[in-house]
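Student: Protein chains in written order, with the numbering used here: chain P, 369 to 497; chain R, 66 to 138.
For glycine and all other residues, C-beta sits at the position ideal for the given N, C-alpha and C.
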């Protein structure tokens, strides 16, 4: 298993996939310098969130619904938006997803919560012809 | 013992496949590699909301680098 530092470095690396560094180096932007800036930004965001969590009042944070229910809410939204097939497939996948130790993952709910937070953050893939 | 660990490995693989498809349907922009990294970060105790902010920040930063390149292509 890797440390948080190694995993964040790997996350920065994966976000730089597809950048042509040959051309960039001519423009004065080196991979190392940009990678360092990315890591700084990643840690800055992570730490600022930690501090925000610390000052959050318990009354305003409230109990949040389980991530599976939040995915089901997204299914409902998809249906309302006319995307019935996607909603049905999502519900089907949620039923297939094993719970607890059967999944082989110790933090499955956290991963689902992450996916809910990232939902819609990327444009949908272009339709196939 | 070996069969127990291979059964667990199969369970992880199946769960990851389902998670990747859920991720695609939700348009999260994560590929298998970044999803695997995120799963391991969650298992290390990183708050998922904070992690989602980190991913969005990294995307914003790398988009600024990719944008002029896309214009020239």
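Taking any Cβ of chain P, which residues in the segment 103 to 115 of chain R have a Cβ under 9 Å from it, in chain order?
Tutor: Listed by position along the chain: 103, 104, 105, 106, 107, 108, 109, 110, 111, 112, 113, 114 and 115.
Student: Check whether the Cβ atoms of residue 83(R) and residue 464(P) sit closer than 8 Å, and answer yes or no.
Tutor: Their beta carbons are under 8 Å apart, which means residue 83(R) touches residue 464(P) by this criterion.
Student: Applying a beta-carbon distance threshold of less than 8 Å, which residues of chain R neighbour residue 448(P)?
Tutor: Neighbours of residue 448(P) on chain R: none; closest Cβ ~16 Å, over 8 Å.
Student: Can you tell me which of 460(P), 371(P), 445(P) and 418(P) puts its alpha carbon nearest to the alpha carbon of residue 488(P)?
Tutor: Selected option, being the one with the closest Cα: 445(P).
Student: Check whether chain P comes within 8 Å of residue 119(R), counting only Cβ atoms and requiring the distance to be less than that.
Tutor: So, interface residue.
Student: Please identify the residue among 72(R), 71(R), 74(R) and 88(R) whose C-alpha is closest to the C-alpha of residue 480(P).
Tutor: Among 72(R), 71(R), 74(R) and 88(R), the Cα nearest to that of residue 480(P) belongs to 88(R).
Student: With a cut-off of 8 Å, does the C-beta of residue 426(P) fall near any C-beta of chain R?
Tutor: Bear in mind that a pLDDT of 49 at residue 426(P), under 50, signals an unreliable position, so the model cannot answer this.
Student: Considering only residues of the segment 413 to 476 of chain P, which uninterrupted alpha helix (DSSP H) runs meet the minimum length of 4 residues and lie entirely inside it, listed in chain order?
Tutor: You should have 426 to 429, 435 to 448 and 452 to 464.
Student: Which term fits residue 406(P), buried or exposed, when burial requires 16 or more other beta carbons within 10 angstroms of its beta carbon?
Tutor: Result: buried.
Student: Within the 8 Å Cβ cut-off, does residue 126(R) reach chain P?
Tutor: Taking Cβ atoms only, chain P reaches closer than 8 Å to residue 126(R), which makes this a yes.
Student: Terminal residues of the continuous alpha helix (DSSP H) containing residue 384(P)?
Tutor: Segment: none, residue 384(P) is in no alpha helix (DSSP H) and carries neither H nor E.
Student: Write down the C-beta distance between residue 114(R) and residue 408(P) rounded to the nearest angstrom, noting that I regard them as a contact closer than 8 Å.
Tutor: Wrong, their Cβ atoms sit about 21 Å apart, outside the cutoff.
Student: For chain R, check one thing: does any of its Cβ atoms lie closer than 8 Å to the Cβ of residue 402(P)?
Tutor: Chain R contact via Cβ: present.
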